[in-house]
Each structure stands twice: as C-alpha cells, then as structure tokens.
Amino acid sequence: MTRPIAVDLFAGAGGLSLGFEQAGFDVVGAVESDPIHCAVHKFNFPTCAILPEPIGSRSTAKLRQLSRIGNRSVDCVFGGPPCQGFSLIGHRALNDPRNSLVLEFVRTVVELDAKSFVFENVKGLTVGYHRALLEELVTAFDAAGYAVRLPWKVLDASSYGVPQRRQRLFLIGTKKGLPLPEYPPIQTAPADDSRDGVCTGPTCEEALADLPNADRYAELESSDSVRIPTWGRMSSYAQELRCIADHAWHYGYKRRWDPGKLTSSWRTRHTEISQRRFSETAAGKVEPISRFFRLDRKGLSNTLRAGTDGARGAFTSPRPVHYEFPRCITVREMARLHSFPDWFRLHSTKWHGARQVGNAVPPAMARAVAAEVMKALGQTPQRPSEGLELGDESLLYFDMSKAAQFFDVPAPNTRRDRKSGAKKRKQHDIERARLVALTANG
C-alpha cells in the first residue's frame, strides 16, 4: 500500500501531524526546534523522522536523509511558523525575527519539490501590517511556481467537531498546473449556536464527563498517570477519542496503547480560597481575580492558549476552570477539548503539556483541511492494516537539559520569569482585598 507522504514544519507535539495522518498521509519527517516537543512528537509518531533544530538552509538535505525521502517529491508540506510575532494578543513586534520563518517555509516547500502546501497561522496575520506580510507570502509562492487558493480562509475549530472556539488562518496551494484544493466546508455548528442543516458539535460536558475527577486520586499529586478501573458514560465524541470503534482511527495507524490508564493528568493543588472563588464563578464567565474562564457544560471552551516559551519569560497561559469541579482542568482535559485522542500523550508536566496543547492545531480541524488536499491530489485515502507501538515513555519525562542531550542539541533558555516581573500577591492578601471591596459596596 502506498500512501502520499508529507512533512511537518514547526511540528510542536504534532496536532497537524496527527490530522494529516488521520486523513491518509504518511508524515515521514518533521522539523521542531524545542527538544521537549521533539521528544513528545517522537513518542507519538515513532516512525516519523524528527529534525531537532530551527529550520534553516540545511534542513531540506537533512530531512531527505533522515526520513529516507531520497530524491522523491513530497506530496504535501504543512506547518505554522511561531506566531507570537504577529498575533492579535500580546506584543506585536513588527521587527520580530521570527517573521523571517515565514519565508523559510516557502523555501523549504520549494526545495522539497512539494506538490502542495498548507500554511497555518494566527488570525492576526490578516490585519494591519501583518496583512502585507501575508500578501508578500502569496507573491513569494507565485514566484516559486505555486498557485494559492484565494481568498485565504480563517477557519474556526468549532466548525469541525471541536468543542472550542479557536480561529486560525489557513493558506493552501499547489504547484501550478495541479488542481487547487478547496478550503473545507463547515461540518458542525457550535454546540451553543445550532444551525439548520448542520450537525451540532460536542459540548464541554460531552468532551469531559466520562473522565474521572483527577482530584480523587492521590497518585496524581506525584505522577501524570493512574490506572482507572471504571470510566463514566461516554458521549459519541468521547467514544471517538477513546478509539472504541475502528472508524475512530480514521485513516491513521492504530496505536497499541493502554486504555485503562488515565494519562496527562497531573493534579493542581489549589488553596481553599481559590477553590471557593472558582465555585462562585458562573459558567461561561471569567473569575475576576485569576482571570480564569469557567467552562459551561452545555457550551464551548474558550481558546486554549500556549503562553510563551523560555526565551520570552516562560509565561503560563491560564487553563480554564472545570464546569463541575472547583479546579483548573488537567492537560488531558485540555487535550479532549482540542480533539486529541486519549492514546496521544503530552509531556508529563503541566506547564509543558498545556503549552503543547495550546500551540497545536486541533487534529480534527487539521484532518478536515488535509482531506481536501488529499482529494485535490487525486488520491484515495487508505486504512493501514498494520499498527504502531508508541515510543519509550521516558521521552515524556525529560526535562529540557535531558531532552537536549538526547537529541544532541544545545538546550534552549528555560527561565520561568513572570510576564511583568511583578511579585505575585499572596492568596490571603487577595482575599483581604476582596472582603474590603465587598464591605465598601455594602
């Protein structure tokens, strides 16, 4: 059986990799500069060659060698350069050097002789100065012999069966002379905004209700996994992410995994004061002190963010509060809200694991885009008959220095400074201020 081959640039933990695999591609190579992400990608995609360095002029030759592509052309190159340089949130630095990675993407597509490409990024790239950068990207592809499906599209993950509001820019193209893919049509309506003629997507409750409450397991205070004897009642969405039936694997490779184990679920120990504040926060509202969003069981998650990496202060973006329990959701619960199946593991720590989810394209969304590329290439997706063993679990427990040592690369900056440099207020000081404000308001 021959499946079309693809390469993932700026791969992260592998949201796009998984979506393309599920659509019928063999993702044979990936490039990622963060050693922690490389380790997690290697665990989940053991047959994919991972190049653990920033993308550059020598990446193409190394990729061809590592992934054994040889001189073959690649059917699709996909990826999203780091987005902090042109996001609508945070600092919009016009001279951010990472903007140059956009043109590195073009160069790599050309050097790999790719038949098609998918460029993914933040919605912020479509406005202001950054729109000019996007137009320059289209021009660069045109000069390199690639046609682009215009106008570009901003897609929402909730339109593709994901219980989360998450808008991302997609730009699709092919070599001139080849059929151009369409952008995927809407498949589901958001759970809180039903529409005639469109299936309603899953809610937060349908995504999370079958998962056991992590706070019930003392083991999760010192580990990210625990064996679970019984699970709750599963919605159809949960059944798919648990891979109960064969069709849940789509056109991807079945992984041999342990479905009786709850993973990526290291607990967060909240103070009683924080728990009370979370309990008092209405569903769908933001808790005023922490600014954490509380999930609505019948609605969608807000956009799950990644925060920043070590080079930019290692700021942790807040995780939402569970709709039922007075705590932040676990990394596994984040993964459920992102359409990652339960066999897919994230880094064992909460910080790295949450960062990996927040940086990823939801696999279900990626799969919808990849299916359109597959169709335009004239390929019929095929289900593989063989399965895959997941990688060595030790890959999920590396700290940055061990991950860098494993891949024989320099360790990136991992400092964990606060975003503002300000001293964090103590919980009792916050509570005292809250009570004073309540008294003043009568």
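Read in order, the letters of the sequence shown correspond to residues 10 to 451 in our numbering. Don't be surprised by glycine CBs; every beta carbon is placed ideally from N, CA and C. Since the structure is predicted, the reported quantities are computational estimates derived from the model, not experimental observations.
So if DSSP puts residue i in a beta bridge, which residue, or which two residues, is it bridged to?
| i | result |
| --- | --- |
| Tyr155 | Lys184 |
| Thr209 | Ala198 |
| Ser310 | Gln173 |
| Ser125 | Cys85, Thr183 |
| Gly38 | Val16, Ala58 |
| Asp165 | Gln176 |
Hey, is residue i's beta-carbon within less than 8 Å of any beta-carbon in chain D?
| i | result |
| --- | --- |
| Ala420 | Structure shown: chain D not included; a single protein chain is present. |
Check the C-beta distance from residue i over to residue j and give it rounded, since I have them as a contact under 8 Å.
| i | j | result |
| --- | --- | --- |
| Asp122 | Pro421 | Going by Cβ atoms, the distance from Asp122 to Pro421 rounds to 31 Å, so no, they are not a contact pair. |
| Trp82 | Lys124 | Residue identity differs from the one stated: residue 82 is Ser in this sequence, not Trp. 6 Å between Cβ atoms; contact. |
| Arg354 | Ser273 | 6 Å |
| Ile181 | Val382 | 7 Å |
| Gly308 | Thr212 | 6 Å |
| Asp224 | Arg276 | 6 Å |
Straight-line CA distance for residue i to residue j?
| i | j | result |
| --- | --- | --- |
| Pro390 | Ala380 | 9 Å |
| Ser283 | Asp84 | 50 Å |
| Val235 | Leu271 | 5 Å |
| Arg303 | Glu333 | 9 Å |
| Tyr155 | Glu214 | 43 Å |
| Asp151 | Val157 | 8 Å |
| Leu220 | Leu386 | 39 Å |
| Tyr260 | His279 | 41 Å |
| Leu229 | Arg177 | 33 Å |
| Leu189 | Thr183 | 6 Å |
| Ser244 | Pro61 | 38 Å |
| Val111 | Gly21 | 16 Å |
| His361 | Asn80 | 36 Å |
| Gln74 | Leu18 | 16 Å |
| Ala32 | Asp255 | 14 Å |
| Arg265 | Pro90 | 31 Å |
| Ala218 | Glu342 | 10 Å |
In chain order, what residues of the same chain lie with their CB nearer than 6 Å to the CB of residue i, ignoring the 5 residues before and after it?
| i | result |
| --- | --- |
| Ala412 | Pro44, Ile45, Ala48 |
| Ala257 | Glu249 |
| Cys57 | Val36, Ala39 |
| Val118 | Val86, Phe126 |
Please work out which residues of its chain come closer than 7 Å, Cβ to Cβ, to residue i, disregarding the five sequence neighbours upstream and downstream, and give them in chain order.
| i | result |
| --- | --- |
| Lys162 | Phe179, Tyr192 |
| Ala166 | Gln173, Arg175, Pro371, Met374 |
| Ala377 | Tyr169, Pro193, Gln196 |
| Pro419 | Ala413 |
| Ala315 | Ser326, Arg364, Gly367, Asn368 |
By Cβ distance, which residues of its chain are closer than 8 Å to residue i, with the 5 residues on each side in sequence left out?
| i | result |
| --- | --- |
| Ala431 | With a pLDDT of only 42 at Ala431, under the threshold of 50, the placement of this residue in the model should not be trusted; the figure read from the coordinates follows. No residues qualify anywhere along the chain. |
| Cys208 | Gln196, Thr197, Ala198 |
| Asp401 | Phe52 |
| Asp202 | none |
| Arg204 | Ala198 |
Subject >> Ranges of the beta strand (DSSP E) found wholly within the segment 46 to 86, counting only runs of at least 3 >> reply: 58 to 60
Subject >> Segments of 3+ residues assigned as beta strand (DSSP E) that fall wholly inside the segment 326 to 388 >> reply: none
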